[in-house]
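The next block holds one structure in the form of structure tokens; read it before the comments.
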Amino acid sequence: MNKDYEVIIIGGGPAGLTAGLYASRARLNTLLLEKGLAGGQIVNAERVENYPGFPDGISGFDLGSSMHQQAEKYGLTTIITEATGIELHGGQKVVKTTEGDFTAKTVIIASGSERHKLGIPGEEELTGKGVSYCATCDATFFREQPVAVVGGGDSAITEALHLAKFASGVTVIHRRHQLRASRILQEKAFSEPKIEFLWDTIVEKIEGGDLVRRIGLHQVITGEKSALEIAGIFISIGLKPNTDYLKGILPLDAAGHIITNEKMETEIPGIFAAGDVRHASGRQAITAAGDGATAAIYAEKFITEQD
Amino acid sequence: MSKPIAVDDSNFDQMVLQADIPVLVDFWAAWCGPCRMVAPVVEELAQAYEGRISFAKVDVDQNPKTASRYGIMSIPTLLLFKKGEPVSHIVGFRPKADLKKSLDAALE
């Protein structure tokens, strides 16, 4: 296996795959490291309706795998592994992984994000027993049963709408008094009779023996506490950047995002960041793809100037 | 080349519970994106552990009996069976290195 590349891309979501496409078409020897199947967070989306070029929408899985296929067509190499750190040896970058070390002239970090957990009692113990982070995957296990969705963004409302097709009722619990989700999703959710909303409310605990049975709620304005009987709770309260392996290597913001300039350059010459992992990212498949293209273009310039 | 074998409600007992060696069962469905993320990792493991652990997959959509028998309420779920009993229960996507640890523990 070749261990030395011109570009190493960490992460195979829309940012990494687009960077891979551009770098490969620039005829740069490019390696993509991905811990599972390429696609990233988007594989969780049943239907992506805001990626231009697909007027009828496209499944997140199909979008991710088409992007991967397109990049591999131009020579991108993919290895299934997890990056565990980056070291600098002079100008050379060494990417540490669970499959050994790889070296490159440039690194594009596109390791994306994962679902935030609530961090409340019962959440971890009951994961897979009624606590879920993927409505597309698990909605079918809750046919004709009451469920709750926690969150108020696009993902939370998309999940609530999907769950409404299966569950007897869906309660959306949001800590604010209005949704963050796009207007079109809000309109759909407000007109869906199976969906109810609990505003200014946080979930304090998840209870049940073997299975989720009820959740403890706290209305933050009135201070009132209550319980809600449900069989499933879907947690969709935003994303946490996957940057734990970069602590001490690159400057991160308070939430753990990588700071870049408009060329996707980090503080270290030759290391770029793209997509959700980046501070001030738009957190959309299309903005991630744009970041990835930008990063690859400037990585190519960096290599040309070095040679 | 060893690949995970599709197992259904009718042959689960024979293929998994009565197997001579431990069996890792991948519970999945076609609509589940993260399940498709897990699949290539499981395929690599199937080759690495050939002869020591066998690998099976159950489509929960087609085989609801087996899924409900083991209380599957979230996919992907990986269950590792040893002598007919589930000994390890892994919910959601995990990197290959983590899965290897679970498999190695079962072989001890």
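Sequence lines, in order, name chains Z and P.
Position one of the first sequence corresponds to residue 1 (my numbering), numbered consecutively onward.
Position one of the second sequence corresponds to residue 1001 (my numbering), numbered consecutively onward.
Glycine included, every Cβ here is placed at the ideal spot set by N, Cα and C.
None of the values given here were measured: they were computed from a predicted structure.
Residue range of the unbroken beta strand (DSSP E) whose run includes residue i
i: P241/Z; result: 239 to 241
i: F54/Z; result: Run containing F54/Z: none; DSSP gives neither H nor E here.
i: V7/Z; result: 4 to 10
i: V1060/P; result: Careful: V1060/P lies outside any beta strand (DSSP E) and carries neither H nor E.
i: K205/Z; result: 201 to 207
i: T77/Z; result: 77 to 80
i: K225/Z; result: 225 to 229
i: L31/Z; result: 30 to 34
i: A273/Z; result: 271 to 273
i: V1007/P; result: Counting along the chain, V1007/P falls outside any beta strand (DSSP E), and DSSP gives it neither H nor E.
i: S1088/P; result: 1085 to 1091
i: T1077/P; result: 1077 to 1082
i: G339/Z; result: Residue 339/Z lies beyond the residue range present for chain Z, which begins at 1 and ends at 307; the question has no answer from this structure.
Cross-chain neighbours of residue i in chain P, by beta carbon under 7 Å
i: V95/Z; result: Near V95/Z there are no residues of chain P at all, since even the closest Cβ is about 15 Å away, more than 7 Å.
i: G60/Z; result: G1033
i: V220/Z; result: The contacting residues do not exist; V220/Z stays about 29 Å from chain P at best.
i: N136/Z; result: In the sequence on display, residue 136/Z carries Thr and not Asn. Here the neighbours are W1031, C1032, G1033.
i: N44/Z; result: G1033, P1034
i: F234/Z; result: The premise fails here: F234/Z is roughly 10 Å from chain P at the closest Cβ pair, so nothing lies under 7 Å.
i: F54/Z; result: Ordered by position in chain P, no residue passes the 7 Å Cβ test against F54/Z, which lies about 16 Å from the chain.
Buried/exposed call for residue i, threshold 16 Cβ in 10 Å
i: T171/Z; result: buried
i: T260/Z; result: buried
i: H177/Z; result: exposed
i: F190/Z; result: exposed
i: K1065/P; result: exposed
i: S1068/P; result: exposed
i: R183/Z; result: exposed
i: P55/Z; result: exposed
i: S1010/P; result: exposed
i: L1107/P; result: exposed
i: Q306/Z; result: exposed
i: A160/Z; result: buried
i: G90/Z; result: exposed
i: T266/Z; result: buried
i: Q1062/P; result: exposed
i: A45/Z; result: buried
Interface residues of chain Z facing residue i [CB-CB closer than 9 Å]
i: K1096/P; result: K35, G36, I80, T81, E82, T98, E99
i: E1044/P; result: I80
Beta-carbon neighbours of residue i, restricted to chain Z and to distances below 7 Å
i: A1002/P; result: Residue identity differs from the one stated: residue 1002/P is Ser in this sequence, not Ala. By Cβ distance, chain Z contributes nothing, its closest Cβ being about 17 Å from S1002/P, past 7 Å.
i: F1093/P; result: G36
i: T1077/P; result: G128
Contact list for residue i against chain P, beta-carbon separation under 9 Å
i: V107/Z; result: What V107/Z touches in chain P: nothing, since even the nearest Cβ is about 19 Å away.
i: G209/Z; result: Those do not exist, as G209/Z stays about 12 Å from chain P at its closest Cβ, beyond 9 Å.
i: K129/Z; result: G1071, M1073, S1074, V1091
i: G39/Z; result: G1033, R1036, M1037
i: F166/Z; result: Chain P residues near F166/Z: none, gap ~12 Å exceeds 9 Å.
i: F102/Z; result: Residues of chain P passing the Cβ test: none, with the nearest at roughly 16 Å.
First and last residue of the uninterrupted alpha helix (DSSP H) at residue i
i: H218/Z; result: From DSSP, H218/Z is part of no alpha helix (DSSP H) but of the beta strand (DSSP E) over 214 to 219.
i: E46/Z; result: No alpha helix (DSSP H) holds E46/Z; DSSP gives it neither H nor E.
i: E305/Z; result: 285 to 306
i: Q1047/P; result: 1033 to 1048
i: I157/Z; result: 154 to 163
i: D62/Z; result: 60 to 73
i: G20/Z; result: 14 to 25
i: K1101/P; result: 1096 to 1107
i: E187/Z; result: 183 to 190
i: A1067/P; result: 1064 to 1069
Amino acids of chain Z, ordered along the chain, whose beta-carbon sits closer than 8 Å to that of residue i
i: P1040/P; result: G36, L37, I80
8 Å Cβ cut-off: residues of chain P touching residue i
i: S132/Z; result: M1073, S1074
Exercise. Should the segment 111 to 118 of chain Z be regarded as contacting the segment 238 to 246 of chain Z, the criterion being three or more beta carbon pairs within less than 8 Å?
Worked result: yes
Problem set entry | Inter-stretch contact at 8 Å, needing at least 3 Cβ pairs: the segment 68 to 78 of chain Z / the segment 13 to 29 of chain Z | yes
Exercise. Taking one C-beta from the segment 1091 to 1107 of chain P and one from the segment 1034 to 1044 of chain P each time, how about it: are there three or more such pairs within less than 8 Å?
Worked result: yes
Exercise. Between the segment 117 to 132 of chain Z and the segment 99 to 106 of chain Z, do at least 3 Cβ pairs fall closer than 8 Å?
Worked result: no
For this session: May I have a chain-ordered list of the alpha helix (DSSP H) segments no shorter than 4 residues that lie completely inside the segment 95 to 141 of chain Z?
Result: 135 to 138
For this session: Please determine if the segment 1072 to 1082 of chain P and the segment 124 to 137 of chain Z are in contact, where contact requires at least 3 C-beta pairs separated by less than 8 Å.
Result: yes
Exercise. Between the segment 272 to 284 of chain Z and the segment 5 to 22 of chain Z, do three or more beta carbon pairs fall short of 8 Å?
Worked result: yes
Problem set entry | Sufficient close CB pairs (3 or more, under 8 Å) joining the segment 1004 to 1020 of chain P to the segment 1044 to 1062 of chain P | yes
Exercise. Is there contact between the segment 162 to 171 of chain Z and the segment 1088 to 1095 of chain P, where contact requires at least three CB pairs shorter than 8 Å?
Worked result: no
For this session: Give, in chain order, every residue of the segment 268 to 280 of chain Z whose Cβ lies closer than 9 Å to some Cβ of chain A.
Result: Absent from the structure: chain A. Protein chains present are Z and P.
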